[in-house]
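Below: the structure, in structure tokens.
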Amino acid sequence: MSTYDDTRRAWDEASSKHVREYAEHLEQARTARLLPTEEKQLRPLIEDAEVLHPQSGHGLDDHALIRLGAHSVLGLDYSPTAVAAAQQRADELGAPCRYELAELPDTGRPAQSADLVYTGKGALIWMADLDAWAAEMHRLLRPGGHLFVHEGHPLVPLWAWDHDEARVREDRSYFAASHVNDTFPARGATEHQRTLAQLVMTVLGAGFELLHLAEHPDPFWMPDDENPAAAWDGRLPNAISLLARRRR
């Protein structure tokens, strides 16, 4: 079985979480908000925007995007379980969000059909061909449209989760091509690594103009019932945000 097949199987199994926790997610969707740094960057751009959210997962961020001012959100995911649960939730809440199955980087969507592509959080590490992904996002955006990314910092795979001291894992390298995920979804899923420079140069090479790039000390995700790791104490980078505009 290929690493892609292992990853696909791992996410298919993990997506059952969206069904088990449906009621909890439904309540969260009623008041969902993006992170403050996301809202700061997106608020000037999102009013009445048609948003595309590739790798949408449970879709809670989509309700936050609507709350921030988006006209509509289309979520794409390759898990039928995630798509079905997200659509049921949107329908139940009357939210202008819809969900479709898609195998990225190809989306099957019409060219220039979105004003904003929102990618977050923890999505790009599952994308084997980042160049093809960036080219597809460029194709989908209208001229002058925006690409927004909020992701784990590329250094995050190196941080150990020890509570007493921030440490670099001996089994990881910043310049490795990939590693096996041992947090969520685990189950043999393979993460694809890029340096920060590789991510930025890929976006620029696809025809985007970089408007914003920032590094953040706070992780966007921590395991349930886990004591804070020393790597999360504000001294190390744990997330990045990137905003780019499709050049006309």
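Per this note's numbering, the sequence shown starts with residue 1, numbered consecutively. All residues carry an ideal CB built from backbone N, CA and C; glycine is no exception. What you are looking at is a predicted structure, and each value in this text was computed from that prediction instead of being measured.
Query	Result
Extent of the continuous alpha helix (DSSP H) to which Ser241 belongs	Counting along the chain, Ser241 falls outside any alpha helix (DSSP H), though it belongs to the beta strand (DSSP E) covering Ala239 to Arg246.
Beta-carbon spacing of Gln87, Tyr99 below 8 Å	yes
Three-state secondary structure (DSSP) of His25	helix
Residues of its chain near Ala176, where Cβ-Cβ distance is below 7 Å and the 5 sequence neighbours each way are ignored	Gln193
Span of the beta strand (DSSP E), counted from its first residue to its last, around Thr190	Thr190 to His192
For Pro143 and Arg246, believed in contact at Cβ under 8 Å, the rounded distance	6 Å
Coil, strand or helix - Glu209 by DSSP	strand
Contacts around Glu50, its chain only, beta-carbon distance under 7 Å, and the 5 residues preceding and following it disregarded	His71, Ser72, Ala114 and Asp115
Sub-8 Å separation of Leu26 and Pro54 beta-carbons	no
Distance between Val200 and Met1 (C-alpha atoms, nearest Å)	Bear in mind that a pLDDT of 48 at Met1, under 50, signals an unreliable position, so the model cannot answer this.
Asp61 burial status per 10 Å Cβ neighbour count (16 or more: buried)	buried
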